[in-house]
Amino acid sequence: MTDTVKPTPQVAVIILNWNGRKLLEEYLPQVIENTNPEIAEVIVADNGSTDDSLAWLDRNYPQVRRMEFNENLGFAGGYNKAIGLTDAPYTVLLNSDVACAPGWVDILHSFMEAHPETGACQPKILSYKDKTHFEYAGASGGFIDRNGYPYCRGRIFSHVEADHGQYDTPIEIFWATGAALMVRTELYRKAGGLDTDFFAHMEEIDLCWRILLSGAKIMAVPSAVVYHLGGGSLPASNPRKTYLNFRNNLLLLHKNLPDSTRGRKLLRRRMLDTLAWGKFVMTLDFKNAAAVWRAHRDFARMRKSYNVHPVTDLLDTRTDTHRNILTDFYLRGRKTFVQTVRED
16 MTDTVKPTPQ VAVIILNWNG RKLLEEYLPQ VIENTNPEIA EVIVADNGST
66 DDSLAWLDRN YPQVRRMEFN ENLGFAGGYN KAIGLTDAPY TVLLNSDVAC
116 APGWVDILHS FMEAHPETGA CQPKILSYKD KTHFEYAGAS GGFIDRNGYP
166 YCRGRIFSHV EADHGQYDTP IEIFWATGAA LMVRTELYRK AGGLDTDFFA
216 HMEEIDLCWR ILLSGAKIMA VPSAVVYHLG GGSLPASNPR KTYLNFRNNL
266 LLLHKNLPDS TRGRKLLRRR MLDTLAWGKF VMTLDFKNAA AVWRAHRDFA
316 RMRKSYNVHP VTDLLDTRTD THRNILTDFY LRGRKTFVQT VRED
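16 is the number of the first residue of the sequence shown in the numbering used here; add one for each residue after it.
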């Protein structure tokens, strides 16, 4: 009698963990229960945890494959290393604070198999705390406007909508959330993976931009559903988050815009950032004002390391990037994606 060799799974569902025993205890059982083992393998990639995460896994889920790193490589570095170690043709980057509805991975996998032009996709992201509403980080698919501001079907700036099925149609999008991102593994590697310079915030938008430049599509597949806790790292008003959002948005534009339009569009964006800085000053929020100043200072230093730029300006060539979400939201009162599309 010969031993049967277990086939390589089609999908590697990689959960990056760093001192997240409580999150694993809450969410991992739901992920395992609702992930089809005939399609996908759930993997915990541990980023040098110093809590009892690994001991808890040993006691409760010894069958779950682990990748153990000796140090905290961060979100981007941890996923880059983990994806470099997988043989599955598809990889899902799944946050440790995400629970999954039954059949989620089968739906995403079937969609990718049926649409070879699609390089990456995301499910519908609902709030774990209130499952009637979308979750801030991704909702039902991400977009970006002419000035580089990201927004979603189901969330524009801080306005998050209730889910009434209004965004249940699959749609081509500009970016898919890193909270639950399925990507073709080889394409992820060819695109260069996540940029470790970003540290946190918008690194998945940068990756998706490069995937689009390669000629592949990115899709939202809302018939697959996951529930994201979110908001666990930094609150919106935290100066550290302000710094990362402003700095990384400038890096995002600098990296992915061509020489022909980059200077003009970055100048416009920096002028808008100056208005934001002035608003912080006028409201006596000096910590966030200082964060904006530091973001621009550090961007000026960091941009020198990016010398290769694309020849195509996706903000010009794609019709979904022509919207000015600032004027739609603040001047025209269009608080939802449905309103911005219908009133264009």
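Just so you know, even glycine gets a beta-carbon here, dropped at the ideal spot from N, CA and C.
A distance below 8 Å between beta-carbons, with the five flanking residues on each side excluded, links D67 to the following residues of its chain, in chain order: R36. Taking a contact as a CB-CB distance under 8 Å, the pair V241 and P165 does not count as one, their CB atoms being some 19 Å apart.
A contact between stretches requires three or more CB pairs, one per stretch, nearer than 8 Å, and the region 89-100 meets this requirement with the region 204-221.
With distances taken between CA atoms, L265 lies nearest to A310 out of A310, N51 and P254. A straight line joining the alpha-carbon of A231 with that of F189 spans about 11 Å.
In the DSSP assignment, G157 falls within the unbroken beta strand (DSSP E) covering G157 to I159.
Boundaries of the alpha helix (DSSP H) harbouring N303: F301 to M317, taken from the DSSP string. Under the three-state reduction of DSSP, M127 is assigned to helix. Beta-bridge analysis with DSSP links Q137 to A235.
Put simply, the backbone Cα of N32 is about 10 Å away from that of L69. Taken atom to atom, the span from the alpha-carbon of P117 to that of Q45 is near 9 Å. Burial state of K146 is exposed, judged by a 10 Å Cβ sphere holding fewer than 16 other Cβ atoms.
The alpha-carbon of R316 is positioned some 31 Å away from that of I233. For the alpha helix (DSSP H) assignment, the uninterrupted runs of no fewer than 4 residues enclosed by the region 149-233 are, from N- to C-terminal side, 200-205 and 218-228. The Cβ atoms of D61 and E83 lie closer than 7 Å to each other.
In the structure shown, L31 adopts extended strand secondary structure according to DSSP, grouped into three states.
Taking the Cα of C136 as reference, the smallest distance to any Cα among A55, Y105, R170 and T355 is reached at Y105. Listed in chain order, the non-local C-beta contacts of K205 below 8 Å within the same chain comprise S229, local neighbours out to five positions each way being set aside.
DSSP lists A27 as the bridge partner or partners of E56. Put simply, the backbone Cα of M286 is about 31 Å away from that of A194.
Rounded to whole angstroms, the Cβ separation of Y151 and R170 is 6 Å, and the two are in contact under 8 Å.
A235 is the residue among Q354, R347, A291 and A235 whose C-alpha sits nearest the C-alpha of T133. Looking only at N110, N34, R74 and S64, the smallest Cα-Cα distance to V57 is reached by N110. Here T184 has P237 as same chain residues with Cβ atoms under 8 Å from its own Cβ, once five neighbours each way along the sequence are excluded.
Remark: C-beta atoms of D121 and I54 approach each other more closely than 7 Å. Relative to the Cα of L196, the nearest Cα in the group N271, L281 and L108 belongs to L108.
Per DSSP, the beta-bridge partners of F84 are N62. In this structure, the straight-line span from the alpha carbon of P131 to that of F301 is close to 49 Å. Boundaries for Y345: no alpha helix (DSSP H) harbours it, and the DSSP string shows neither H nor E there.
In the DSSP assignment, L109 falls within the unbroken beta strand (DSSP E) covering Y105 to L109. For V113, the secondary structure class from DSSP, reduced to helix, strand or coil, is strand. Assignment of V241 by DSSP, reduced to helix, strand and coil, places it in the strand class. Residue environment: R312 is assigned as exposed (fewer than 16 neighbouring CB atoms within 10 Å of its CB, all protein chains considered). Rounded to the nearest whole angstrom, the C-alpha separation of R283 and L272 is 14 Å.
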